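Note sheet for the following structure.
There are 2 protein chains.
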Amino acid sequence: MSEDIPEPAKMGLREKKKLKTRRTLQQQGMRLFREQGYDATTIEQIAEASEISPSTFFRYFPTKEALVLEDDDDELLIESFMKQPADKSLIQAFRAAVKEGFAEMTREEQESLGERVALMMSVPELRAASLIQMNETLLMIARLVADRLDRPRDDFEVMMFAGSVMGAMMAVQLYCSEHPEADFTAVVDQALALYEAGLPLGALGSRQV
Amino acid sequence: MSEDIPEPAKMGLREKKKLKTRRTLQQQGMRLFREQGYDATTIEQIAEASEISPSTFFRYFPTKEALVLEDDDDELLIESFMKQPADKSLIQAFRAAVKEGFAEMTREEQESLGERVALMMSVPELRAASLIQMNETLLMIARLVADRLDRPRDDFEVMMFAGSVMGAMMAVQLYCSEHPEADFTAVVDQALALYEAGLPLGALGSRQV
DNA sequence: TATAAAATAATAGTGACTGTCAATTTAAAC
DNA sequence: GTTTAAATTGACAGTCACTATTATTTTATA
């Protein structure tokens, strides 16, 4: 995966141009989405604004959605997760990994992430794609966790753990879409903290009437 | 929502025919999907097999996906959930609601559900749509829960609860797709039982090396 | 500079989906 | 039972994401 983005040092004119076109497409795409909405923006328009032919677009991104989704975050997160010391609990490790992942991002990257998340939440099509992505990410994490615990990869409890974390992230997305003023990274951490504390699910709701 | 399907008693020829066409479309669609795969089956084929025009298809289902998704399950589940006594914890109530929902289904309905779930898991497009549906279902449930607890509708912990349950259901789907022999309803219950028991998340993983 | 390789553009097509309008079928009024 | 109004359908034309193919241009290398 990461071999798609080689070191800036040994980049020929070719690779440099490709990266530039890639970034241009994303920027112009996001600009048009912002200005006219996602559905109203056609790939033809994005291509024209980026000064390439429509057919070339698909050599850079497999779908229109990919322009927004585009995450290398997953690999980063997993890498960070595997580095966590083995005496941490799963959630502690996951929480730390997420925190480190965010910390490594520049302010620009964080802002761009914020805009992308907002767009993702508002366009059903994108939301669907992002959910699938989460799904796959957590399947991957489930595998990592299983290995870490010496459990089979399809262990039921491990799958449930993965599911619950994934669910937390979705809830965070939803929460943030309703609270645009909230800091995304802070909310993520808050959510994981809640999980770390055991998530008072059993108690919550046994109300005496 | 449920007013779309009126009582069989006072149904004119019109309504009867509509229901019949609807069912025919679903059956023929599922048959074709089974025989040639989802992508390889065009709406034109489904329409032809159902003896209607392609343009009429879209008067019965907004999308090709809807042919597979088609859930009245949500309303049923929510209804069942609201009936649960207030002294049950949230998960207890949710678990009971799911159990009752399944119990009300005929064997045929359960089998059809099984086939649909299997198809949904294997076709990315459908998986995406089903995830969105879950998302919306649980947003609805989050609202119900908030009301039940006299908390604001955007309460953080409530959202997390909804998220975790949704995550559980996704994990169940994934688990079942890898264990086709497993009984879907049983696994759902097992998962919720695990949640009910507190889900040993914190403990899980603090391994001494 | 010539040549091979890679990237791009142009073109034609498929299929889901939308909108419109005329034709048909059914329900209801008389 | 016939007429009338409404609902349902079908035919048609069009949009747009996306695929496949082929010719053309651009870049890297010998």
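So the sequence lines, in the order shown, correspond to chains G and P.
In my numbering, each residue carries its 1-based index in the first sequence increased by 39.
In my numbering, each residue carries its 1-based index in the second sequence increased by 39.
Glycine included, every Cβ here is placed at the ideal spot set by N, Cα and C.
This one's a predicted model, so the numbers in the text were calculated from it and none came from an experiment.
As assigned by DSSP and simplified to three states, the class of residue i
i                 : result
PRO93 of chain P  : helix
ASP110 of chain P : coil
GLY140 of chain G : helix
PRO101 of chain G : coil
TYR77 of chain G  : coil
ALA232 of chain G : helix
GLY237 of chain G : coil
VAL197 of chain P : helix
ASP186 of chain P : helix
ARG192 of chain P : coil
GLU42 of chain P  : With a pLDDT of 36 at GLU42 of chain P, under the threshold of 50, the predicted position of this residue should be treated as unreliable, and no value is reported.
ILE162 of chain G : Rather than Ile, the amino acid found at residue 162 of chain G in this sequence is Val. VAL162 of chain G falls in the coil class under three-state DSSP.
Rounded straight-line distance, which links the Cα of residue j to that of residue i
i                 : j                 : result
ASP222 of chain P : TYR234 of chain P : 19 Å
MET198 of chain P : VAL226 of chain G : 12 Å
GLU220 of chain P : GLY76 of chain G  : 45 Å
LEU238 of chain G : ALA185 of chain P : 16 Å
ALA207 of chain P : GLN229 of chain P : 10 Å
PRO45 of chain P  : MET69 of chain G  : Here PRO45 of chain P scores only 38 on pLDDT, less than 50, and its place in the model should not be relied on; the value that follows carries that caveat. Distance between the alpha carbons of PRO45 of chain P and MET69 of chain G: 45 Å.
SER161 of chain G : LEU108 of chain G : 13 Å
MET173 of chain G : GLU217 of chain G : 20 Å
LYS122 of chain P : PHE133 of chain P : 10 Å
ALA125 of chain P : ALA210 of chain G : 24 Å
PRO93 of chain P  : ASP193 of chain P : 43 Å
PHE200 of chain G : TYR214 of chain G : 21 Å
ILE91 of chain G  : GLU83 of chain G  : 9 Å
ALA167 of chain P : PHE72 of chain G  : 22 Å
GLU54 of chain G  : SER151 of chain G : 23 Å
MET249 of chain P : GLN65 of chain G  : Outside the displayed span of chain P (40 to 248) sits residue 249 of chain P, for which this structure offers no information.
LEU58 of chain P  : PHE96 of chain P  : 13 Å
GLU114 of chain P : GLU139 of chain P : 13 Å
ARG98 of chain G  : GLU87 of chain P  : 36 Å
ALA236 of chain G : GLU74 of chain G  : 43 Å
GLU164 of chain G : ARG61 of chain P  : 25 Å
LYS103 of chain P : ASP110 of chain P : 14 Å
SER41 of chain G  : GLU148 of chain P : With a pLDDT of only 36 at SER41 of chain G, under 50, the local geometry of the prediction cannot be trusted, and the value read off the model is given with reservation. So the alpha carbons of these two residues sit roughly 46 Å apart.
SER89 of chain P  : THR63 of chain P  : 6 Å
VAL248 of chain G : ARG190 of chain P : Residue confidence is low: VAL248 of chain G scores 36 on pLDDT, short of 50, so the model does not pin down where it sits. Its coordinate-derived value is still stated next. Distance between the alpha carbons of VAL248 of chain G and ARG190 of chain P: 15 Å.
Partner residues on chain P for residue i, Cβ-Cβ distance less than 9 Å
i                 : result
ILE180 of chain G : Near ILE180 of chain G there are no residues of chain P at all, since even the closest Cβ is about 11 Å away, more than 9 Å.
TYR77 of chain G  : What TYR77 of chain G touches in chain P: nothing, since even the nearest Cβ is about 15 Å away.
Cross-chain neighbours of residue i in chain G, by beta carbon under 8 Å
i                 : result
ILE171 of chain P : PRO163, ARG166, ALA167, LEU170
Per-residue contacts from residue i into chain P (C-beta, under 8 Å)
i                : result
MET69 of chain G : Those do not exist, as MET69 of chain G stays about 22 Å from chain P at its closest Cβ, beyond 8 Å.
Residue i: contacting residues in chain P (beta-carbon distance under 7 Å)
i                 : result
VAL137 of chain G : Going along chain P, no residue has its Cβ under 7 Å from VAL137 of chain G, so there is no contact; the nearest lies around 15 Å.
ALA230 of chain G : MET199
LEU213 of chain G : LEU178, MET198
9 Å Cβ cut-off: residues of chain G touching residue i
i                 : result
GLY206 of chain P : LEU177, MET199, ALA201, GLY202, SER203, VAL204, MET205, GLY206, ALA207, MET208, MET209, ALA210
Neighbour list for residue i in chain G, Cβ cutoff strictly below 7 Å
i                 : result
GLU217 of chain P : ASP193
Top-ranked residue by Cα proximity to residue i, from the options
i                 : options                                : result
VAL204 of chain G : G:SER119, G:GLN131, G:GLU148           : G:GLN131
ALA181 of chain G : G:LEU64, G:LEU129, G:PRO101, G:TYR99   : G:LEU129
LEU116 of chain G : G:GLU74, G:MET144, G:THR102, G:VAL137  : G:VAL137
ASP78 of chain G  : G:ILE91, G:ARG53, G:THR176, G:MET159   : G:MET159
VAL112 of chain G : G:PHE141, G:LYS57, G:LEU231            : The question names Val, yet the displayed sequence has Asp at residue 112 of chain G. For ASP112 of chain G, the nearest C-alpha among the options comes from G:PHE141.
THR224 of chain G : G:ASP189, G:GLU164, G:GLY202, G:VAL156 : G:VAL156
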